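J.: The sequence shown maps to residues 1 to 662 in full-length UniProt numbering.
Let me begin by handing over the structure; questions about it come next.
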Amino acid sequence: MWLDKLKTAAYEMEDVLDEWGTEIQRSKLEKLQQHLTNGHEDDGKNMAKKNQVSSSSSSYSCSPISCFKKIALRHDIGIRIREIRKSLDYIKNEKDQFKFNVTLSEVLPEVSFAQSRKETSFIMVDSDIWGRDIDKNIILNKLFSIESSIQLVRKVDNVRTIQCMRHKDHSFGVDHLSYELIHPLRCLRVLKLKNMGITHLSNEIDKLIHLRYLDLSKNIDLDELPESMCNLLNLQVLKLKDCRNLFKLPKGMGRMINMRNFDIRYSGLEYMPKGIGNWKHLHNLSTFIVSTEREGCKMKELRYQNHLNGDLAIKGLGRLNSEEEAAEAELHKKYQLNALRLSFKPSGGTLASSSSGRQVRQQKSETLVVERLMESLLEVLKPHPNLKKLTIYHNLGFRYPGWMGSIEALTNLCYLGLHNCSNCTELPSLGLLPSLEVLVIKYLEGLKAIGVEIYGGIQVDTLTVFPKLIVLEITDMSNLEVVDLGEIVEGKGEIKMMSCLEVLKILRCPELKSLRFPTESLPSLEKLRLHFLKNLSSFPTHLPSLSHLYIRSCPSLISDSGHHHLYLPYAPNLTTLEIQEFHHSPLHLGNLAEYRELRHLNIYANLDDSIKLIPEYVQNLTILQHLEIYSYGKEQEVGDWSILSYIPSVTLNGKKIRSINQ
């Protein structure tokens with residue numbers, strides 16, 4: 001058909017132009033590498049640059065054979081261009097001869113069924129096949145064999161996109177990329193091999209010179225990429241997410257100068273070769289790994305990557321030796337970044353301990369130097385004010401830099417996570433951040449108190465502290481003793497604290513004794529979760545919006561005066577209450593009747609004789625939908641629970657008394 005001829009000519013024209021552009025890029029790279037080899041470099045490190053040229057580029061070195069290949073390629077391209085021009089002239093003459101004035105809708109009915117029929121694909125679902133397992137496996141092995149893949153590819157011309165799909169334990173043999181499979185795919189632009197069970201890639205992959213998009217995600221057994229991949233000069237997207245056994249990348253990655261999206265999240269990589277700085281069009285870089293090796297990535301390779309957007313994680317910052325190295329990244333210029341994760345955990349372990357007093361003193365001195373260095377590194381890693389999410393891991397400094405509490409520096413920050421910063425003794429003025437919505441603090445072992453310093457001190461005028469904070473999580477703080485934000489003295493205007501907070505989680509802080517907020521604060525708190533706080537004796541008493549309360553293993557919240565009553569706040573809108581208390585003394589729940597809005601009540605505790613009083617306690621909770629009680633300890637009479645027949649679901653000591661279906 002005439003239209004098919006036109007489409008084929010268009011594809012061929014696109015391929016020729018693409019090959020010509022690839023050759024131009026390759027020539028530029030060769031000139032650059034030759035320039036570096038001859039020693040014309042600004043930093044004077046000639047030997048390092050001489051060794052930079054990878055084996056993948058050696059075949060293109062300046063030699064008579066290489067020059068002959070270039071001339072032959074250009075001659076071939078010239079011939080193909082002339083042939084395309086002839087084809088276009090012929091197509092134009094046919095158009096004039098046939099006088100195409102008819103619309104497509106009038107032409108289609110005259111096309112025969114055989115000509116118009118398109119090839120379709122199908123997916124065989126294993127769960128829909130019953131019996132004859134041997135025959136089923138034979139069919140699946142046939143469908144997913146490499147021979148079937150080759151036959152399928154040969155049926156199509158100018159294929160641009162291939163997406164392989166895995167059927168449980170069966171997959172196409174894409175790890176055997178032979179010439180028979182590669183040759184028909186010479187025009188390929190997109191290749192998706194996600195979760196295909198690939199263990200290796202063939203060196204033949206560099207024949208796909210037009211390839212723009214390559215997805216190898218979730219191939220957990222893939223442990224190496226061939227050096228020939230670096231010859232894919234047109235590649236723009238490379239996805240290696242969840243390749244957990246991939247520990248290294250090809251040395252010549254810097255040759256892939258058109259790279260725009262590079263995703264190595266959750267891979268096993270601990271090292272990246274230098275060359276990322278050559279990717280001038282890079283927009284998305286999931287992870288940057290700092291290296292101390294001569295041929296590895298340095299922070300300066302991020303200097304000119306000012307078009308980066310989305311999320312960026314920088315790992316191995318603990319390997320840096322000076323703040324000058326960190327400053328070379330110029331993070332403050334990355335105005336399009338949305339999220340930034342900074343990990344200071346080095347590849348090696350901590351300083352080794354020794355029984356020698358002199359060595360111990362030397363170790364302490366070295367540790368102090370490292371801690372001071374960590375503080376200075378974080379100081380110069382100040383991001384652009386447009387940043388919305390910031391997470392810091394394993395920083396060993398004693399305190400955080402001033403910009404972390406600066407309204408101007410982090411004016412748009414919505415999320416802040418501080419994890420495993422074990423030496424930190426004081427938090428910055430985070431309460432002043434105007435856009436902060438989520439604050440997560442974990443494993444700050446050196447922090448003993450959170451006080452008024454979090455909003456700049458107690459002498460304040462008109463101020464809203466944490467004006468937009470919605471979620472606050474404080475977890476796994478082994479030495480935290482006090483969270484006391486005090487009573488704010490009002491100045492010239494109204495002062496509010498955490499007026500938007502909806503979720504508060506405090507988990508596994510065994511030394512925490514006091515959780516104190518200013519009166520009338522937390523007006524919007526809806527969910528409160530307190531777990532494994534063995535010394536906590538009280539928490540805010542006035543929580544008018546609280547709807548969900550979860551208390552687990554907080555024995556000091558039980559009053560020792562008279563009956564052992566659990567400390568519960570004023571919460572008229574409470575709908576869900578879950579208590580798991582492992583206190584040995586019997587627990588009394590006489591104040592449950594105050595929560596008239598309860599719909600879900602779950603109690604796991606030693607109730608002793610009070611278990612038979614549960615029906616009396618809850619009989620006035622008329623909208624209760626789910627009641628689950630488990631009392632450990634000696635067996636007691638449970639009393640008459642028939643008065644709770646209005647509750648759709650009731651479980652007592654693991655046995656269903658009443659279910660919704662009854």
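Just so you know, even glycine gets a beta-carbon here, dropped at the ideal spot from N, CA and C.
Note that the coordinates shown come from a computational prediction; the quantities given were computed from them, not determined experimentally.
Considering only residues of the region 464-518, which uninterrupted beta strand (DSSP E) runs meet the minimum length of 3 residues and lie entirely inside it, listed in chain order?
T.: List check, beta strand (DSSP E) in window: 471-475, 482-484, 495-497, 503-507 and 514-516.
J.: Once the 5 residues before and after tyrosine 604 are set aside, which same chain residues still bring their CB inside 6 Å of it?
T.: Contacts found: Gln580 and Tyr630.
J.: Rounded to whole angstroms, what is the Cα-Cα separation between glycine 369 and glutamate 375?
T.: The displayed chain sequence assigns valine, not glycine, to residue 369. Distance between the alpha carbons of valine 369 and glutamate 375: 10 Å.
J.: Let me make sure I understand the geometry here. Which of Asn606, Leu574 and Glu616 has the alpha-carbon closest to that of glutamate 597?
T.: Measuring from the Cα of glutamate 597, the nearest candidate turns out to be Leu574.
J.: Roughly how many angstroms separate the alpha carbons of serine 406 and asparagine 231, rounded to a whole number?
T.: Distance between the alpha carbons of serine 406 and asparagine 231: 46 Å.
J.: Anyone know if the C-beta pair for alanine 339 and leucine 302 falls short of 7 Å?
T.: No. Outside cutoff.
J.: According to DSSP, simplified to helix, strand and coil, what is alanine 327?
T.: DSSP places alanine 327 in helix when its eight states are reduced to three.
J.: Helix, strand or coil, according to DSSP, for alanine 409 in the structure here?
T.: If DSSP states are grouped into helix, strand and coil, alanine 409 belongs with coil.
J.: For the alpha helix (DSSP H) that contains tyrosine 617, what are its first and last residues?
T.: First-last of the alpha helix (DSSP H) with tyrosine 617: 614-618.
J.: How would you call glutamine 305, buried or exposed, if buried means at least 16 neighbouring beta carbons within 10 angstroms?
T.: Burial call: buried.
J.: Would you please state the rounded distance, in angstroms, between the beta carbons of isoleucine 257 and phenylalanine 288? I believe it to be under 8 Å.
T.: Rounded, the Cβ-Cβ distance is 17 Å, inconsistent with contact.
J.: With DSSP as the reference, label serine 228 as helix, strand or coil.
T.: Serine 228 falls in the helix class under three-state DSSP.
J.: Which residue wins for smallest C-alpha separation from proline 555, given the options Tyr595, Asp206, Lys513 and Cys414?
T.: Residue Lys513 is the option with its Cα nearest to proline 555.
J.: Have a look at Leu282, Ile392, Pro385 and Phe398 and flag the residue whose alpha-carbon is nearest the alpha-carbon of arginine 372.
T.: Looking at the Cα atoms, Phe398 is the closest of the given residues.
J.: Keeping to the same chain, check which residues put their C-beta closer than 6 Å to that of glycine 275; ignore five residues upstream and five downstream.
T.: Correct list, in chain order: Met253 and Gly254.
J.: Exposed or buried, histidine 210, counting other C-beta atoms within 10 Å across all chains shown (16 or more means buried)?
T.: Buried.
J.: Should histidine 307 and histidine 384 be called a contact, given that it needs their Cβ atoms to be closer than 7 Å?
T.: Cβ atoms of histidine 307 and histidine 384: not closer than 7 Å.
J.: Just to confirm my understanding: we take glutamine 359, look at its own chain, exclude 5 residues before and 5 after, and list those with CB closer than 7 Å. What are they?
T.: For glutamine 359, the predicted structure reports a pLDDT of 45, less than 50, and the residue's modelled location is therefore unreliable. The matter cannot be settled from this model.
J.: Bridge partners of tyrosine 570, per DSSP?
T.: Answer is His542.
J.: Tell me which residues share the same chain as histidine 542 and place their Cβ nearer than 6 Å to its Cβ, disregarding the 5 neighbours each side in the sequence.
T.: These residues qualify, in order along the chain: Tyr570.
J.: Buried or exposed: which applies to residue 666, given that a residue is buried once 16 or more other Cβ atoms fall within 10 Å of its Cβ?
T.: As shown, the chain starts at 1 and ends at 662. That puts residue 666 outside it, with no answer to give.
J.: Give the secondary structure of arginine 319 by DSSP, where H, G and I count as helix, E and B as strand, and everything else as coil.
T.: Note: arginine 319 maps to helix in three-state DSSP.
J.: Terminal residues of the continuous beta strand (DSSP E) containing aspartate 215?
T.: Residues 213-215.
J.: Which residues mark the beginning and the end of the beta strand (DSSP E) in which serine 625 is found?
T.: Inspection of the sequence shows that residue 625 is occupied by glutamine rather than by serine. Glutamine 625 -> no beta strand (DSSP E), and no H or E assigned at all.
J.: Would you report the Cα separation of histidine 281 and glutamine 236, rounded to the nearest angstrom?
T.: The alpha-carbon atoms of histidine 281 and glutamine 236 are separated by roughly 9 Å.
J.: In the DSSP assignment, find the unbroken beta strand (DSSP E) run with lysine 207 in it and report its ends.
T.: Here lysine 207 belongs to no beta strand (DSSP E), and DSSP marks it neither H nor E.
J.: Going straight from the alpha carbon of methionine 272 to that of arginine 244, what length do you get?
T.: Distance between the alpha carbons of methionine 272 and arginine 244 is about 15 Å.
J.: Would you kindly work out how many angstroms separate the C-alpha atoms of isoleucine 474 and leucine 627, rounded to a whole number?
T.: So the alpha carbons of these two residues sit roughly 30 Å apart.
J.: Please check the pair leucine 566 and phenylalanine 539, which I expect to be a contact at CB under 8 Å, by giving their CB distance rounded to whole angstroms.
T.: With a Cβ gap of about 12 Å, leucine 566 and phenylalanine 539 do not count as contacting.
J.: Hey, could you find the ends of the beta strand (DSSP E) leucine 439 is sitting in?
T.: Residues 438-442.
J.: Can the beta-carbon of asparagine 606 be found less than 7 Å from the beta-carbon of glutamate 578?
T.: No, the pair does not count as a contact, with Cβ atoms beyond the cut-off.
J.: Bridge partners for glycine 296 per DSSP, in chain order?
T.: In DSSP, glycine 296 forms a bridge with Pro273.
J.: Using DSSP's beta-bridge definition, name the partner residues of glycine 310.
T.: Answer is Leu337.
J.: Which one of Asn653, Gly654, Val618 and Ile623 has the shortest CA to CA distance from leucine 643?
T.: Correcting the residue type first, residue 643 is isoleucine in the shown sequence and not leucine. It is Val618 whose Cα lies nearest to the Cα of isoleucine 643.
J.: Using DSSP with H/G/I as helix, E/B as strand and the rest coil, what is aspartate 43?
T.: At aspartate 43 the pLDDT is 47, less than 50, meaning the model places this residue with poor confidence and gives no usable figure here.
J.: Exposed or buried, what is glutamate 526 when buried is set at 16 or more other beta-carbons lying within 10 Å of its beta-carbon?
T.: Its Cβ being crowded by 16 or more others within 10 Å, glutamate 526 is buried.
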